[in-house]
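Numbering (full-length UniProt numbering), first residue to last: 1 to 369.
We put the beta carbon where it would ideally sit given N, CA and C, even for glycine.
Since the structure is predicted, the reported quantities are computational estimates derived from the model, not experimental observations.
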């Protein structure tokens, strides 16, 4: 029992994370589906207005039938209005979606309950199953209007219909609700798994598969995004890092050891620098790090010292010998720079560091062109 409870808690936490991570995507999707639901409902109403008298003799539209159509037109207009907003808030999208769901449920409950004393409900069981599958909402929000509509429907059936008919309506409402819960949970699980898979693939496409840090394209994009967001007053530090004699390690110990060393370097870089910093593999045995919101030469020198010690210790554990690194660094405070110029100056500093010998670093203040 305790194990089942823990599993249920994990599933609900995954659902909450899915709704949190994909809230903008979910909001846009719910708005699209609400618009489609309004159009489909209006189309079906017009169809049934025309076809039902041909099938059921003596049938004519009741007030609830006639009010259903303009009500859905109003909801459709609201959905369109929200969709035209540049960036509608997810809470507003959820409110409009709940309005659409509640309107459909309310009129279906009225139509089924007021159709006649000896007429069983037709629409409620189907609608109760379909709507939670259509929209992506938390269970408590999705089933609140459903439970309210079911309660209204059953109460009106017992009050207005023959007891023998009302009990079938109540049973049908219960069956529809249980089926809705089962199908709704299954569909939500499939959506959650699909989201997690897409996030996983996205992460794999953004990260270097061997080392685990960002790949070059993603790293450059993240650096450029930071520089552009900072505008004309940029404060940052940029490091170009090269593992000395890495090719010789590959030749002597084999590519498996070389790959292990690269993975270890990725772990060290991730540990030494902050999660907000941009760490990426530039290719081969070369890495690049953008340290955000910091532009101090002494701090940059301290980071280089820690990085060299950590990489040396890690390589000693992995291949039995310390590995030196060459580093070229640039720092800037409240200056203007483009990524290309920053990389050029950092690369030049790295070239000078390698010219001095193994395990050296050259750090300079950024020079505006």
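Endpoints, alpha helix (DSSP H) assigned at residue i
| i | result |
| --- | --- |
| residue 321 | Here residue 321 belongs to no alpha helix (DSSP H), and DSSP marks it neither H nor E. |
| residue 65 | 63-84 |
| residue 111 | 90-113 |
| residue 336 | Careful: residue 336 lies outside any alpha helix (DSSP H) and carries neither H nor E. |
| residue 48 | 23-55 |
| residue 153 | 139-160 |
| residue 246 | 246-253 |
| residue 126 | 124-134 |
DSSP bridge partner residues for residue i (one or two, in chain order)
| i | result |
| --- | --- |
| residue 228 | The partner list for residue 228 (beta bridge, DSSP) is empty, contrary to what the question assumes. |
| residue 288 | 240 and 280 |
| residue 328 | 240 and 362 |
| residue 234 | 335 |
| residue 207 | 214 |
C-beta contact flag for residue i and residue j at 9 Å
| i | j | result |
| --- | --- | --- |
| residue 64 | residue 127 | no |
| residue 350 | residue 300 | no |
| residue 239 | residue 327 | yes |
| residue 296 | residue 333 | yes |
| residue 153 | residue 186 | no |
| residue 139 | residue 184 | yes |
| residue 258 | residue 281 | no |
| residue 182 | residue 149 | no |
| residue 24 | residue 97 | no |
| residue 121 | residue 173 | yes |
| residue 41 | residue 114 | no |
| residue 339 | residue 197 | no |
| residue 82 | residue 38 | no |
Expected contact under 8 Å - CB spacing of residue i and residue j to nearest Å
| i | j | result |
| --- | --- | --- |
| residue 278 | residue 214 | 7 Å |
| residue 346 | residue 329 | 6 Å |
| residue 269 | residue 289 | 7 Å |
| residue 211 | residue 263 | 6 Å |
| residue 359 | residue 313 | That belief does not hold up - the Cβ atoms of residue 359 and residue 313 are roughly 14 Å apart, past 8 Å. |
| residue 15 | residue 188 | 6 Å |
| residue 22 | residue 195 | 5 Å |
Delimiting residues of the beta strand (DSSP E) encompassing residue i
| i | result |
| --- | --- |
| residue 363 | 361-365 |
Local Cβ density within 10 Å of residue i, reported as buried at 16 or more and exposed below that
| i | result |
| --- | --- |
| residue 51 | exposed |
| residue 316 | exposed |
| residue 303 | buried |
| residue 72 | buried |
| residue 256 | exposed |
| residue 134 | buried |
| residue 178 | exposed |
| residue 104 | buried |
| residue 54 | exposed |
| residue 228 | exposed |
| residue 75 | buried |
| residue 293 | exposed |
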